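Protein chains in written order, with this note's numbering: chain A, 2 to 194; chain B, 2 to 194.
Glycine included, C-beta positions come from ideal geometry on N, C-alpha and C.
Predicted model only: the values in this text are computed from it and were never measured.
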DNA sequence: AAGATTTATTAAACTGGTTTAATAAGAAAT
DNA sequence: ATTTCTTATTAAACCAGTTTAATAAATCTT
């Protein structure tokens, strides 16, 4: 769990004792491609950290998956709304490739935050970072063209294109597969001859 | 500052002593309509709470304001990215009507969070709530039609339409004024005869 | 109240996407 | 290897928005 430890300390200093206290709760689990960690109607009382692999977070709209996020190595995730409010989820969490995850229960998260001010601070700062990421995403969706967003994703998370089918990336970008295909064609024409 | 106190306690219990400790830092300030609390290039080391009034948070794109949020009564706000990273802002914060604000400096926010675990927790939970709001916004922008988003805004924050010019609301919804006008026309035709 | 400015609507031409459907290419199963 | 299933591309018709420009309505100034 070296990388998880490192991840936590990238937010704020945590004493060895506190670190040990919280790490004891995480359980390593492996899920094969195709596993659903969460489906609509289910409750979720766990927080996850991706050690290795990829998980999609999506909602189904008229039978079509609308991808909100791809969680890859180093991401913390859950369906935060359902987790916090303790209501049935509206979303899916689907494992897109064989994935190794560290899991911690909500109870144990809360134990950790109660145990030490520093761990509580880690909670605040990680949430802060997630907030900023989301905010930049909103800015992008509102003010950047689809084509530009595609290019930026290509630059920022190139490996996604190797591991995730294109129609899911289209969905993540807010496009249909046809729309994304058109953009790709347009770009390939520009670049080549 | 009764309402600010109440707001803080709506997130988590805070002892009277801790509450007094943090409230001492807030300063009441009044700004007339048209004031800019922040412009691009400036640094921001304050957090704000709207006691009364309305502040727009926008970025200028090709000379056109793109509104990210309207902060009204009961909102905490700042330009979080510039605040955290201590870099020059890219955004504007403009007072849209005479507004009363409680201001606290970043130093004093940090003093508060250092002072007590409960205040740190308030910080985490308020950030968590902001995260969820943002997330639902992303979901809305991605998966809800412009027309439907307009209707939902009308239902959720009707007073905005009384206090903010329509072209700013259009911008907030990701539309041009022309586009919003069309939507309004379409809807008025449907409802009436 | 008149004039000046800002804001909202309408029209017309355009555009970047959608939908639907057919086809092609790739991957998995037998 | 052949079939089957999934994924990606292309084409054609369509549509909800945009841009530009003119007009109308509302608000602010003096």
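Legend entry - Min CB distance residue 134 of chain A to chain B below 7 angstroms: Not an interface residue.
Inset, instruction - Consider the Cβ of residue 147 of chain A: report whether some Cβ of chain B lies at a distance smaller than 7 angstroms. - result: Output row for residue 147 of chain A: interface = no.
Legend entry - Span separating the alpha-carbon of residue 61 of chain B from that of residue 172 of chain B: Using only the alpha carbons, I get a separation of about 11 angstroms.
Legend entry - Start-to-end residues for the beta strand (DSSP E) that takes in residue 53 of chain B: Its beta strand (DSSP E) spans residues 47–62.
Legend entry - Contact with chain B by residue 128 of chain A, beta-carbon distance below 7 angstroms: True, the Cβ-Cβ gap to chain B drops below 7 angstroms.
Inset, instruction - Would you mind working out which of A:67, A:31, A:111 and A:8 sits nearest residue 46 of chain A, comparing C-alpha positions? - result: Per the C-alpha coordinates, the member of A:67, A:31, A:111 and A:8 positioned closest to residue 46 of chain A is A:111.
Inset, instruction - Return no unless some Cβ of chain A is closer than 7 angstroms to the Cβ of residue 10 of chain B. - result: Not a single C-beta of chain A is nearer than 7 angstroms to the C-beta of residue 10 of chain B.
Legend entry - Contact check, residue 73 of chain B vs residue 55 of chain B, beta carbons under 7 angstroms: Yes, Cβ-Cβ distance for residue 73 of chain B and residue 55 of chain B is below 7 angstroms.
Legend entry - C-alpha distance - residue 71 of chain A paired with residue 57 of chain A, whole-angstrom precision: So the two alpha carbons sit approximately 5 angstroms from each other.
Legend entry - Entirely enclosed alpha helix (DSSP H) segments - the stretch 152–193 of chain A, minimum 4 residues: As for any alpha helix (DSSP H) of minimum length 4 sitting wholly inside the stretch 152–193 of chain A, the runs are 161–164, 167–174 and 178–192, ordered along the chain.
Legend entry - Extent of the continuous alpha helix (DSSP H) run through residue 86 of chain B: First-last of the alpha helix (DSSP H) with residue 86 of chain B: 81–86.
Legend entry - Cβ pair residue 118 of chain B, residue 118 of chain A closer than 7 angstroms: For residue 118 of chain B and residue 118 of chain A, yes; Cβs fall inside 7 angstroms.
Legend entry - Element boundaries [beta strand (DSSP E), containing residue 37 of chain B]: Where residue 37 of chain B is concerned, the enclosing beta strand (DSSP E) stretches over 37–39.
Inset, instruction - Give the secondary structure of residue 91 of chain B by DSSP, where H, G and I count as helix, E and B as strand, and everything else as coil. - result: Residue 91 of chain B: coil per DSSP, three-state reduction.
Inset, instruction - In the DSSP assignment, find the unbroken beta strand (DSSP E) run with residue 69 of chain A in it and report its ends. - result: Looking at the DSSP string, the run of the beta strand (DSSP E) that includes residue 69 of chain A is 65–73.
Inset, instruction - Please decide whether residue 35 of chain B counts as near chain A, where near means a Cβ-Cβ distance under 7 angstroms. - result: Using beta-carbon distances, residue 35 of chain B does not count as an interface residue toward chain A, since no partner is under 7 angstroms.
Legend entry - Where residue 140 of chain B meets chain A, residues with beta-carbon distance less than 9 angstroms: Chain A residues near residue 140 of chain B: 60, 67 and 69.
Legend entry - Contacts around residue 98 of chain B, its chain only, beta-carbon distance under 7 angstroms, and the 5 residues preceding and following it disregarded: By the criterion of a C-beta distance shorter than 7 angstroms, residue 98 of chain B is surrounded in its chain by 34, 54, 55 and 164, once the five residues flanking it on both sides are discounted.
Legend entry - Contact set between residue 125 of chain A and chain B, taken where Cβ atoms lie within less than 7 angstroms: Contact note: residue 125 of chain A reaches chain B through 121, 124, 125 and 128, using a C-beta cutoff of 7 angstroms and chain order.
Legend entry - Selection from B:26, B:27, B:179 and B:161 that minimises the alpha carbon distance to residue 147 of chain B: Ranking B:26, B:27, B:179 and B:161 by Cα distance to residue 147 of chain B puts B:179 first.
Legend entry - C-beta neighbour in chain B for residue 175 of chain A, strict 7 angstroms: Output row for residue 175 of chain A: interface = yes.
Legend entry - Residues near residue 124 of chain A by beta carbon distance below 6 angstroms, same chain, minus five either side: Excluding positions up to five away in sequence, the list reads 114.
Inset, instruction - In angstroms with no decimal places, state the Cα-to-Cα distance between residue 2 of chain A and residue 121 of chain A. - result: The alpha-carbon atoms of residue 2 of chain A and residue 121 of chain A are separated by roughly 20 angstroms.
Legend entry - Within chain A, partners of residue 85 of chain B - CB distance below 8 angstroms: Within 8 angstroms Cβ-Cβ: 129 and 133.
Legend entry - Beta-carbon proximity of residue 175 of chain B to residue 143 of chain A, cut-off 7 angstroms: Taking C-beta atoms as the reference points, residue 175 of chain B and residue 143 of chain A count as a pair closer than 7 angstroms.
Legend entry - Which of helix, strand or coil DSSP assigns to residue 100 of chain B: Look at residue 100 of chain B here: in three-state DSSP terms it is strand.
Legend entry - Residue of B:12, B:159, B:109 and B:66 minimising C-alpha distance to residue 40 of chain B: Considering only alpha carbons, the answer is B:66.
Inset, instruction - Please determine if the stretch 87–95 of chain A and the stretch 13–27 of chain A are in contact, where contact requires at least 3 C-beta pairs separated by less than 8 angstroms. - result: Not touching, per the Cβ criterion.
Legend entry - The beta strand (DSSP E) enclosing residue 31 of chain A, as first and last residue numbers: It spans 28–32 - the beta strand (DSSP E) in which residue 31 of chain A sits, taken as one unbroken run.
Inset, instruction - Just grab the DSSP bridge partners of residue 78 of chain A for me. - result: Residue 78 of chain A is bridged by DSSP to A:49.
Inset, instruction - Measuring alpha carbon to alpha carbon, tell me which of A:106, A:9 and A:82 ends up nearest residue 136 of chain B. - result: The shortest CA-to-CA distance from residue 136 of chain B to any of A:106, A:9 and A:82 is the one to A:82.
Legend entry - For residue 96 of chain B and residue 49 of chain A, the rounded distance between their alpha carbons: CA-to-CA, the gap between residue 49 of chain A and residue 96 of chain B works out to about 41 angstroms.
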